[in-house]
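Trainee: Quick note: the sequence shown, position 151, residue 151 per UniProt numbering, numbers continuous.
Glycine included, C-beta positions come from ideal geometry on N, C-alpha and C.
Values in this document were obtained by computation on a predicted structure and should not be read as measured data.
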Amino acid sequence: MEIDFNKNNDGLVPVIIQDNSTKNVLMLGYMNEEAYLKTNEFNKVTFFSRTKNRLWTKGEESGNFLKVVNIKNDCDNDTLLISVIPQGPTCHKGTDTCWGETNKPNFGFLSELEGIIEDRKKKSEIEPELRRKEDASYVVSLFDDGMNKIAQKVGEEAIETVIEAKDDNDDLFLNESADLLFHYMILLKAKGFGLNNIVEVLEKRHANK
1 MEIDFNKNND GLVPVIIQDN STKNVLMLGY MNEEAYLKTN EFNKVTFFSR TKNRLWTKGE
61 ESGNFLKVVN IKNDCDNDTL LISVIPQGPT CHKGTDTCWG ETNKPNFGFL SELEGIIEDR
121 KKKSEIEPEL RRKEDASYVV SLFDDGMNKI AQKVGEEAIE TVIEAKDDND DLFLNESADL
181 LFHYMILLKA KGFGLNNIVE VLEKRHANK
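1. List in chain order: all unbroken alpha helix (DSSP H) runs of 4+ residues lying wholly within the UniProt region "Phosphoribosyl-ATP pyrophosphohydrolase" (110-209).
2. Would you report the Cα separation of residue 171 and residue 163, rounded to the nearest angstrom?
3. Under three-state DSSP, which class holds residue 90?
4. With a threshold of 16 other CB atoms inside 10 Å of the CB of residue 236, please say whether the residue is buried or exposed.
5. Would you decide whether residue 141 is buried or exposed? Buried here means 16 or more other CB atoms lie within 10 Å of its CB.
6. Expressed to the nearest angstrom, what Euclidean distance is found between the alpha-carbon atoms of residue 85 and residue 122?
7. Going by the CB atoms, is the gap between residue 34 and residue 48 shorter than 9 Å?
8. Please state the DSSP three-state secondary structure of residue 70.
9. Below 9 Å between beta carbons: does that hold for residue 97 and residue 24?
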């Protein structure tokens, strides 16, 4: 890998650390050529600390090492992206990331939708007479009706998806697929689970092959 350590006067290049599983950015550090070589040799991220003015292996004191999965260089050969398996919190303040965020899987819009479903579930737990009118929704009503109704809706949507799969109308098939996924996410939340739990099961199955 060709890295331009001479682009900056201090011989350092910025290094973005990303969780290999969740794809969340955990921290930003800097490496000189010696730190890069040591990182490759021991498979643990080593930076050049500008405050300590020396090489610094992340986790050397806390034990929260960053195990390297792969290293990528950017288009200008002067910024590294390192995918890691964090062995504990990344930030020295004890948080998962240096931005104080929880390092949990994010599925883009699906995670946003999951958050909305969770909010609707909480609203269904409020006594009907105490709810605001604007809190009434289809999803709240499903949670009100209970597990049997939610499971029934998933079954109905699954059948409709299968029917459309055997036809040639792609638009109808995609819409029924969206309905199925939406109601399945409601079922997961009603059971106390989320998409991340399903991903964990799939990952374990893949790892055992």
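Mentor: With the given structure in hand:
1. Within the UniProt region "Phosphoribosyl-ATP pyrophosphohydrolase" (110-209), the complete alpha helix (DSSP H) runs of at least 4 residues are 138-145, 147-165, 170-190 and 195-207.
2. Here residue 171 refers to the residue found at position 171 of the sequence shown. Here residue 163 refers to the residue found at position 163 of the sequence shown. One C-alpha to the other measures close to 13 Å.
3. Here residue 90 is taken as the residue at index 90 of the sequence shown, counted from 1. Reduced to three states, the DSSP call for residue 90 is coil.
4. There is simply no residue 236 to check, as the chain begins at 1 and stops at 209 in what is shown.
5. As a working mapping, residue 141 is identified with position 141 in the sequence shown. Counting of Cβ neighbours within 10 angstroms places residue 141 among the exposed residues, the total staying below 16.
6. Taking the sequence shown and counting its residues from 1, the one referred to as residue 85 is at position 85. Taking the sequence shown and counting its residues from 1, the one referred to as residue 122 is at position 122. Their backbone Cα atoms lie some 34 Å apart in a straight line.
7. Counting from 1 along the sequence shown, the entry for residue 48 is found at position 48. Counting from 1 along the sequence shown, the entry for residue 34 is found at position 34. The answer is yes: Cβ separation under 9 Å.
8. For the purposes of this step, residue 70 is identified with residue 70 of the sequence shown, where counting begins at 1. Looking at residue 70 - three-state DSSP - the assignment turns out to be strand.
9. As a working mapping, residue 97 is identified with position 97 in the sequence shown. As a working mapping, residue 24 is identified with position 24 in the sequence shown. Note that the C-beta distance between residue 97 and residue 24 is below 9 Å.
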